[in-house]
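Going by UniProt numbering, the letters in the sequence shown line up with residues 1 to 404, in that order. Accompanying notes for the structure given below.
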Amino acid sequence: MDTLAKHRNSGFSLVELMVSVVIGMLALLFATRLVISGETNKDAAVGGGDSMQNGMLAMFSLSGDASTAGWGLNDRTVAGCNTTFSDQRGYALLSVKRDATDITPLAAVVIQSNNAAPDVISFNSGSSNAGVGSILMTADYGGESYVVGAQGSPYGYNNGDVLVVAPQSPDRPCTVMQMAGFNPATGHSAEMLLNTGGAYRYNPAASMAQAYAKNVTFLYNLGQPNLLHFHTWSVQNGILRLRATDLAGSEQNGASVSDNIVSIKAQYGFDTRALANYDPNPAGNGTQMLPTTNGGMQLTRWSPTMIDADGDGVVGGPGDYQRIAAVRIAVVARSKTVEKPNLAGQCTATGTLPTVFSTSVPNGVAAVPVQVNVAVAGDAVSWKCYRYRVFETIVPILNSQYRP
Numbered sequence: 001m002d003t004l005a006k007h008r009n010s011g012f013s014l015v016e017l018m019v020s021v022v023i024g025m026l027a028l029l030f031a032t033r034l035v036i037s038g039e040t041n042k043d044a045a046v047g048g049g050d051s052m053q054n055g056m057l058a059m060f061s062l063s064g065d066a067s068t069a070g071w072g073l074n075d076r077t078v079a080g081c082n083t084t085f086s087d088q089r090g091y092a093l094l095s096v097k098r099d100a101t102d103i104t105p106l107a108a109v110v111i112q113s114n115n116a117a118p119d120v121i122s123f124n125s126g127s128s129n130a131g132v133g134s135i136l137m138t139a140d141y142g143g144e145s146y147v148v149g150a151q152g153s154p155y156g157y158n159n160g161d162v163l164v165v166a167p168q169s170p171d172r173p174c175t176v177m178q179m180a181g182f183n184p185a186t187g188h189s190a191e192m193l194l195n196t197g198g199a200y201r202y203n204p205a206a207s208m209a210q211a212y213a214k215n216v217t218f219l220y221n222l223g224q225p226n227l228l229h230f231h232t233w234s235v236q237n238g239i240l241r242l243r244a245t246d247l248a249g250s251e252q253n254g255a256s257v258s259d260n261i262v263s264i265k266a267q268y269g270f271d272t273r274a275l276a277n278y279d280p281n282p283a284g285n286g287t288q289m290l291p292t293t294n295g296g297m298q299l300t301r302w303s304p305t306m307i308d309a310d311g312d313g314v315v316g317g318p319g320d321y322q323r324i325a326a327v328r329i330a331v332v333a334r335s336k337t338v339e340k341p342n343l344a345g346q347c348t349a350t351g352t353l354p355t356v357f358s359t360s361v362p363n364g365v366a367a368v369p370v371q372v373n374v375a376v377a378g379d380a381v382s383w384k385c386y387r388y389r390v391f392e393t394i395v396p397i398l399n400s401q402y403r404p
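Here it is, written out as structure tokens:
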């Protein structure tokens with residue numbers, strides 16, 4: 001008994017020390033795993049919050065533009081018209097195809113579809129309450145410094161207003177001009193002056209002028225130049241950018257709106273029905289026009305690219321743009337936080353590329369899903385190291401079914 005007590009008084013045995021070390025190491029291992037797991041969960045939560053905030057801002061901006069698109073552009077002679085457009089500050093209309101020919105259509109929404117890569121989307125509208133009305137051009141135009149409308153000064157047309165000169169013949173392009181008031185000379189009050197320079201930024205150079213015949217050409221008013229709502233959205237290197245006629249400094253190169261936006265996608269929603277009360281050749285100009293009866297416009301097909309929606313044999317003709325009832329928009333946002341790779345050096349935050357537009361809405365209309373490439377050019381980090389959120393919405397086109 002004395003010997004055993006002496007041994008115990010002398011300290012721990014080797015076995016006891018080994019057991020203590022093992023228990024301590026296990027506790028340290030569990031604590032380390034707990035810290036790592038907490039950091040991982042924190043990164044995922046922070047990254048999810050970042051992508052949610054950025055994605056919501058981007059979607060709010062795009063859907064807001066889409067909800068006002070088309071104001072003043074719903075007349076059948078304007079919607080989808082290939083348009084000559086010049087801006088001294090550098091804004092340019094989006095170029096797309098009409099069959100195999102490049103055109104710059106003036107329409108509520110224009111989509112430059114890029115397959116898995118981000119699309120480029122334009123939403124266009126005017127601001128004048130007189131925009132849905134038109135006045136007849138009563139004298140031939142061949143590049144003069146004025147255009148002649150109805151006799152006298154028409155109601156709602158003011159100095160600086162942006163005009164669309166639209167011929168009834170679909171093979172002639174429209175032209176955007178800007179009036180500088182009316183000729184004050186006696187007997188010339190119907191002449192809308194077309195000054196250049198300074199505040200009159202939208203008047204094209206003489207070399208761009210189109211010739212228009214009287215009595216078959218109309219003038220439409222889009223309102224004051226600072227309220228002309230021509231917007232083009234794109235994604236460059238993970239940043240949502242906006243080119244706009246009404247945002248100073250953004251006309252040519254665009255302005256940054258939101259970061260960590262890796263893609264925007266859009267699809268046209270067409271009414272492709274063959275309607276019994278169609279007039280295939282109203283006014284003798286070959287432009288088909290949707291009726292306001294038969295329940296109005298109904299969305300029957302989604303497409304990321306322009307189609308021959310009116311069945312006239314031309315893909316991207318004016319009648320096809322007049323058949324757009326809605327636009328479907330998707331935004332893909334990524335987290336700011338880069339998640340760490342596993343022990344094998346592989347990132348597992350995201351395993352597959354996101355897919356958008358996979359649901360069939362409205363009921364009975366087939367979905368056209370698109371898998372989106374979310375890799376950002378120049379980013380040395382794999383796209384799999386980020387988390388992503390997808391935001392989608394459908395926006396009806398303003399006044400699409402109402403034709404003056």
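We put the CB at the ideal spot given by N, CA and C, even for glycine.
Under the three-state reduction of DSSP, which class applies to P167: helix, strand or coil? strand
In the DSSP output, what is S263 paired with across the bridge? V332
Taking C-beta to C-beta, are Y321 and A79 nearer than 8 Å? yes
Three CB pairs or more closer than 8 Å across the segment 207-221 and the segment 147-165: yes
Can you give, in chain order, each stretch of the beta strand (DSSP E) that sits fully within the segment 293-368 and has at least 3 residues? 301-303, 324-334
How long is the line joining the alpha carbons of A116 and N373, rounded to whole angstroms? 5 Å
Reduced DSSP category for W383 - H, G, I as helix; E, B as strand; rest coil: helix
Can you have a look at P170 and say buried or exposed, based on whether 16 or more other CB atoms are within 10 angstroms of its CB? buried
When you compare each of I307, G72, P184, K340 to S113 by their alpha carbons, which one comes out closest? I307
If you pair each beta-carbon of the segment 359-369 with each one of the segment 66-77, do three or more pairs fall below 8 Å? no
Thinking just about the alpha-carbon of each residue, which of A248, F123, V109 is nearest to the one in N226? A248
Tell me, which residues are paired with F218 by DSSP? L136, A166
Could you spell out the range, first to last residue, of the beta strand (DSSP E) harbouring W71? Per DSSP, W71 belongs to no beta strand (DSSP E) and is neither H nor E.
Is V147 helix, strand or coil by DSSP? strand
Quick check on this structure: which residue in V356, E339, G198, V331 has the alpha carbon closest to the alpha carbon of L57? V331
Can you tell me whether T175 is helix, strand or coil according to DSSP? strand
Bridge partners of I111, per DSSP? I121
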